[in-house]
Amino acid sequence: MLIVAFFLFAVGLITIIRPFPVGWDDLGVYMNYPNILAANSGLTSFPEMYSWQIFTGIGFLFGEPAFAFFLNFCGYFLSFLTLNLIFSDIFKTKEKLFLPIPLLLSTLFLSLPMSIFHSIKDIKIEQGLFFITTFIVFFTYKYLEKIYKKEKISKIYIFIIGLFVGFCFSIKFTSLFLIIGI
């Protein structure tokens, strides 16, 4: 399973080295806005939300589009780590298992066609958005777990959840469904 995950990450890292963006979304939005932001050395007024593009625009400051593609690809890798963390917490046991279930489920996510398309074929912001949403769900789960166990709760949980919910909403409007669900 770890070999499969490593293979998927390797293929993804190879595909980010391309001379220009592939697809309408990459060319028109997800890589064009960060390039404009880096070229103007500041924020401009766009009709859309572009907080993830600000993060991706850091890659264009290094002069090559591959750096911006790499920062966008980081959402794929961080999603894998966050899912592994969540599944490890959910499936924690004291006995050693033959198959590491968290690693199996996280690798299964990496190998889904929708995940491969959004991060290897056509690099989009959905993997970064998925990382942010899984991070929000994990922190909300830990917060509710502490409430259920009647442990002392730090207010930093609410601050971090609120900060990431705001960042999630500034990436894409459809994350409102997650916010309403929480």
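The numbering used here runs 1379 ahead of the 1-based position in the sequence shown.
We put the CB at the ideal spot given by N, CA and C, even for glycine.
Check, Outcome
"What are the start and end residues of the alpha helix (DSSP H) that includes His-1555?", "Looking at the sequence shown, residue 1555 is not His but Leu. Start and end: 1555 to 1560."
"With C-beta atoms as the reference, is Val-1401 less than 9 Å away from Asp-1501?", "yes"
"If I follow the unbroken alpha helix (DSSP H) through Ser-1458, where does it start and stop?", "1444 to 1469"
"Identify whether Ser-1430 lies in helix, strand or coil by the three-state DSSP scheme.", "helix"
"In terms of residues, what are the limits of the alpha helix (DSSP H) holding Gly-1507?", "1505 to 1527"
"Nearest to Ser-1485 by CA position, among Ile-1469, Lys-1475, Lys-1473 and Ile-1535, is which residue?", "Ile-1469"
"Quick check: the region 1435 to 1450 against the region 1460 to 1467, are at least 3 beta-carbon pairs closer than 8 Å?", "no"
"What's the C-alpha gap between Pro-1492 and Ser-1533?", "39 Å"
"Among the residues of its own chain, which have a CB less than 7 Å from the CB of Leu-1483, if the five just before and after it don't count?", "Met-1380"
"Cα separation between Gly-1454 and Ser-1498?", "8 Å"
"Are the Cβ atoms of Leu-1557 and Leu-1489 separated by less than 9 Å?", "no"
"For Gly-1402, does the three-state DSSP call read helix, strand or coil?", "coil"
"Can you tell me which of the three DSSP states Gly-1545 falls into?", "helix"
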